[in-house]
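Per our numbering, the sequence shown starts with residue 532, numbered consecutively.
Below you'll find the structure, written out as C-alpha cells, and then a few comments.
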Amino acid sequence: MSILATSGHPALMHAASTRTGSAPRLTIGAAFGLLCLSLPATPALAGLPSVAYVSSTVVCDYPTIQAAVNDLAPGSEIRLVGPEFALPASLVFANRTLRVVGGYPACGAPDPTSTTTLRANFSGGPALSINGSMPAVLNLDLVKLSIIDADNPAGNGGGLAITGQGQVNLRNVDVFNNTAQFGGGVFAFSVSPAALSINLLDGSRIGTPGAGNVATAQGGGVLCQQARMRLGATQIRGNTAATVGGGVRGVGCQLLSTMDGGDTRIDANAATEGAGIFANTESVISLQSWPGQRLSISENIAQGEASPRGGGVYLSGAGTQFTAHGAWIENNRAQLTGAGLFITAGATATLGRGLDACAIGDDQCSRLSGNQLLGPAGTPVGSGAGAFVSSGTLNLSHTRLEGNIASSGAVLRANATAQVTLDNVLIRANVSDARLISLEGESSLRMDFATVVDNDFVAGAISVVSSAPTALELSRSIFLVPTGRSHIQGNGTTQFACLNTGEGGALGGDAHAPGFFDQEAGMYRLSAGSSNLDRCAADGNESPVDISGLPRNVDLPAIPNNVGPLDRGAYEDIEELLASGFED
C-alpha cells in the first residue's frame, strides 16, 4: 500500500520491521525495590509478566533495552535507569505487549523521578521501529521518554516508525530533532483502516524544545496513513515538511480527540501546503476542546516557491472531513491563499461549539481569527485570509470570524461549486483591500443569525463575481457596513429576510441602530433597548442556542412581538442573565 503522493513526490512504501535475534537471557533480580546488582542473579520463571530494570551504565536485569524487549513475557514492564541511552541501532518492537518507563534513578527504585532520553547514535533508520503483524499482539506503552536525533532522511519515520496493526500509547513522551523523508517525528502506517491506533497523551510533545522534527518530503511532525490517532494533552509544534503537512500529514487517517486533561495544540509548524494539517484521501478529523482546555491550530506558516496554501489546515478530496468544536484556528499565515483554512475538491470543514466543548456564555470558544496572507517580504498578498473554499463545503456555526487580514482578495473566498454556511456567527474586525466575502463560479452562501460589524474593506461586503448562478441567502442577521460601502455587489439568486442593514435599509432590511451592549468594547450582545430584540420568526431550522451557548427562542415579555420571538444576529438576549450582571 502506498501513500498518495502530491506534486510528483515519490510514493511511500511500507517496510515491515524485523525482530532482532534474542540475546542471552539474564535475571530479574532487581524488581520491587531491591538495589541494582552488577552481576546476574538466578533466571526468572519463564512466560510470566515481569518488571525488569535496564541501566545505561551497569547491568541490572538485562545488558540492553533490546535484550529485555526480545526476552520478556507479554505484559512485562521495562524500567529505564539513568538520564540517557545512546542507541547503536533502531530499537525494535515486533509484536510486543510491553510497557517501557523512563526516569528511574537506580535499579530497583520504586518510582521514576525524571525522564530518560533515547538518542539515536546512528543514521539510516528510525530511533524506534514498532510493528504488529497480527491482530492484538502489539500493545505498547511508552512513558516518560525523550526520543531524539534520528537521521533517516530517505526513509519512513525519524523518531518512531509504527506499522501494521495494534496499539501504541505515548504518555509524557517527547519526540525532538528527528529527520525522515516521511514522518519526521512519527510515522504511522496501518495495514487497513484503523487497524493501528496511536495515542498521544499526558503532555507528549512532537517537536521542540530541542528542535522540531523535519520531513524531507511530507509530515514533519506526524505522518498518519490509514491509522487512527488520538490526541489528548499534546503539542505538535515547530516541525517542518519540505512539501505538505508541517505538523500532521493525514492520508486516510482518523485524527480524534480524547478527554485526556490538558491542551491539544498544533502550532508553529511550517510546510509549503497545509502547514498545520494537510489531509486527503478520505481522512476524518474530529477534534474538540473541553471546558478549561484549549484546542489550538495556530501560528503555522505555509511558505515556499510552489503554491503555498493552507496555513492552518489544508483539506482535499471527497470524503475528507474536518470537524472542530471549541477550536482556535488563529494567527496562521500563507503566501498565496487560505491562511486559516484551505478546502478543495469535495472536502468538508465544520467549526462549532459542539456538545460539552465550551463553557456556557463563552462566545470565543470557536474562532477563525488573526489569519493573514503575507508574502516572503512580509507584504500583504493573496485572497482568502480566513478561508478559501473551492468545490468544497465550509460550515461555520457558533464561531467568531475576526481579525483576519487579506489584501487584493477577500477574507472569505468561495469559488467553483463551493457551499458556505454561516450560522450564529460574529464577523468583525476583518480587513481587506477589496472584499469581505467573495462568491465566484457557482458557489453559494447561506447566512443566518450573523452579526457583521466593524469590518474594514473597500468594495462590497459580499461580492458576486460570476455570471453563473450563485445562491445567496441572508436572514435574521445584523449586517452593517462602513459608510459609503455597499452590502452586496454583483448579481445572484438572492433571498433576504429579517435583516437590519443600518442606514438606508438596504436589501429590504430595517434601518434602525443595532443597540449593542457596548460596541466600543467589542461586546455585541443586544442591550435592553435594542430594536433587534424579538424581531424574527421561528421556522424550526434555527439552532437551539446562540453563539455563546445560551438558549434561542426566548420571548421577552416586556417587548411586544412584531414578528416572532427570535433576536437578530449572533446573540439572543437572556433577560435574567443580564439582570444578574452576566455581561460583566
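Even glycine gets a Cβ: it sits at the ideal position worked out from N, Cα and C.
Everything numeric in this text was worked out from a predicted model, so none of it was measured.
- Going by the CB atoms, is the gap between G689 and N744 shorter than 8 Å? Taking 8 Å as the Cβ cut-off, N744 and G689 qualify as a contacting pair.
- Query: Does DSSP put G523 in a helix, in a strand, or in coil?
  - Reply: Because the chain in this structure spans residues 532 to 1115, residue 523 falls outside the shown range and cannot be described.
- Task: In the DSSP assignment, find the beta strand (DSSP E) that holds D672 and state where it starts and stops.
- Result: It spans N670 to I679 - the beta strand (DSSP E) in which D672 sits, taken as one unbroken run.
- Would you report the Cα separation of A1101 and I737, rounded to the nearest angstrom? Answer to the nearest angstrom: the Cα atoms are 37 Å apart.
- Message: Taking the beta strand (DSSP E) that A858 belongs to, which residues open and close that run?
- Response: Here the beta strand (DSSP E) through A858 covers A858 to E861.
- Query: Hey, how far is the Cα of S553 from the Cα of D602?
  - Reply: Residue placement at S553 is flagged as unreliable, the pLDDT there being 31, under the threshold of 50; a coordinate-derived value is accordingly withheld.
- Kindly examine the ligand FAD and report whether one of its heavy atoms sits closer than 7 Å to the Cβ of G689. Of the ligands one can find in the structure shown there are none, so the ligand FAD has no counterpart to examine.
- Just tell me which of G634, G1036, G1095 and H1018 has its CA closest to the CA of R702. Of the residues G634, G1036, G1095 and H1018, the one whose Cα lies closest to the Cα of R702 is G634.
- Helix, strand or coil at Q597 [DSSP, three-state]: The answer is helix: DSSP assigns Q597 an H, G or I state.
- Is it true that the CB of P1075 sits closer than 8 Å to the CB of R1066? Going by C-beta atoms, R1066 is not nearer than 8 Å to P1075.
- Message: Using only the alpha-carbon positions, how far apart do L676 and S735 sit?
- Response: Just so you know, the alpha carbons of L676 and S735 end up roughly 9 Å apart.
- Rounded to a whole number of angstroms, what is the C-alpha to C-alpha distance between Q866 and S938? When rounded, the distance between both Cα atoms is 11 Å.
- Query: What are the start and end residues of the beta strand (DSSP E) that includes R977?
  - Reply: Taken as a continuous stretch (DSSP letters only), the beta strand (DSSP E) holding R977 covers S975 to V984.
- So, are the CB atoms of T765 and L732 less than 8 Å apart? Yes, these two residues count as a Cβ contact at 8 Å.
- Message: Only counting the same chain, and skipping five residues up and downstream in sequence, which positions put a Cβ closer than 8 Å to that of A1069?
- Response: Answer for A1069: N1084, G1095, P1096 and L1097, listed in chain order.
- Query: Assuming F718 and A742 make a contact with CB atoms under 8 Å, what is their CB distance in whole Å?
  - Reply: The C-beta distance from F718 to A742 rounds to 18 Å, too long to fall under 8 Å, and the pair is not in contact.
- Message: Please give the ranges of any alpha helix (DSSP H) in the segment 687–763, keeping only runs that are unbroken, at least 4 residues long and fully inside the region.
- Response: Runs of alpha helix (DSSP H) with 4 or more residues, each lying fully within the segment 687–763, are absent.
- Environment of E836 [buried if 16+ CB atoms lie within 10 Å]: Burial call: exposed.
- Query: Cβ of A880 within 8 Å of Cβ of L925?
  - Reply: Their beta carbons are under 8 Å apart, which means A880 touches L925 by this criterion.
- Query: Helix or strand or just coil, what does DSSP make of D1065?
  - Reply: Reduced to three states, the DSSP call for D1065 is coil.
- Query: Between P643 and the rest of its own chain, which residues show a CB-CB distance below 7 Å, the 5 nearest in sequence each way excluded?
  - Reply: For P643, where only same-chain residues beyond five positions count, the Cβ hits under 7 Å are V632, G633, G634, Y635 and K675.
- Which one or two residues does DSSP pair with Q895 in a beta bridge? As far as DSSP is concerned, Q895 takes part in no beta bridge.
- Item | Contacting residues, own chain, Cβ-Cβ under 6 Å from S728 (five flanking each side not counted) | Cβ neighbours of S728 beyond the five flanking positions: Q698 and R759.
- Message: Less than 8 Å between the C-beta atoms of F1116 and A801, yes or no?
- Response: Any property of residue 1116 remains undetermined from this structure, which presents the chain solely from 532 to 1115.
- Task: Please work out which residues of its chain come closer than 6 Å, Cβ to Cβ, to I559, disregarding the five sequence neighbours upstream and downstream, and give them in chain order.
- Result: Because the pLDDT at I559 is just 26, under 50, the model does not fix this residue reliably, and the value given afterwards should be weighed accordingly. Excluding sequence neighbours, I559 sits near A575, S581, A583 and D592.
- Task: Could you check if I891 is buried or exposed, using at least 16 other CB atoms within 10 Å of its CB as the buried criterion?
- Result: The residue is exposed, with fewer than 16 neighbouring Cβ atoms inside 10 Å.
- Contacting residues, own chain, Cβ-Cβ under 6 Å from L826 (five flanking each side not counted): Here the set comprises T795, L818, S820, G857 and A858.
- Would DSSP call D592 helix, strand or coil? Coil at D592, not helix or strand.
- Alpha carbon of G972 to alpha carbon of Q950, nearest angstrom: Computed Cα separation, rounded: 11 Å.
- Query: Just reading off the beta strand (DSSP E) that D954 is part of, what are its end residues?
  - Reply: Note, D954: beta strand (DSSP E), Q950 to R959.
- Would you tell me roughly how many angstroms separate the C-alpha atoms of I993 and Q712, rounded to the nearest one? Straight-line Cα distance between these residues: approximately 43 Å.
- Item | Cβ-Cβ distance between G807 and G777 below 8 Å | Contact annotation: G807 and G777 have beta-carbon atoms nearer than 8 Å.
- Message: In this structure, how does DSSP classify A1049 when only helix, strand and coil are distinguished?
- Response: Before going further, note that residue 1049 is Asp rather than Ala in the sequence given. Assigned with DSSP and collapsed to three states, D1049 falls in strand.
- Task: If I'm right that T948 touches S922 with Cβ under 8 Å, what's the distance once you round it to whole angstroms?
- Result: Right, the Cβ-Cβ distance comes to about 5 Å (below 8 Å), so this counts as a contact.
- Simplified DSSP state of D1070, which is helix, strand or coil: Looking at D1070 - three-state DSSP - the assignment turns out to be coil, as it is neither helix nor strand.
- Helix, strand or coil for D494, going by three-state DSSP, please let me know. With the chain running from 532 to 1115 in the structure shown, residue 494 is simply not present.
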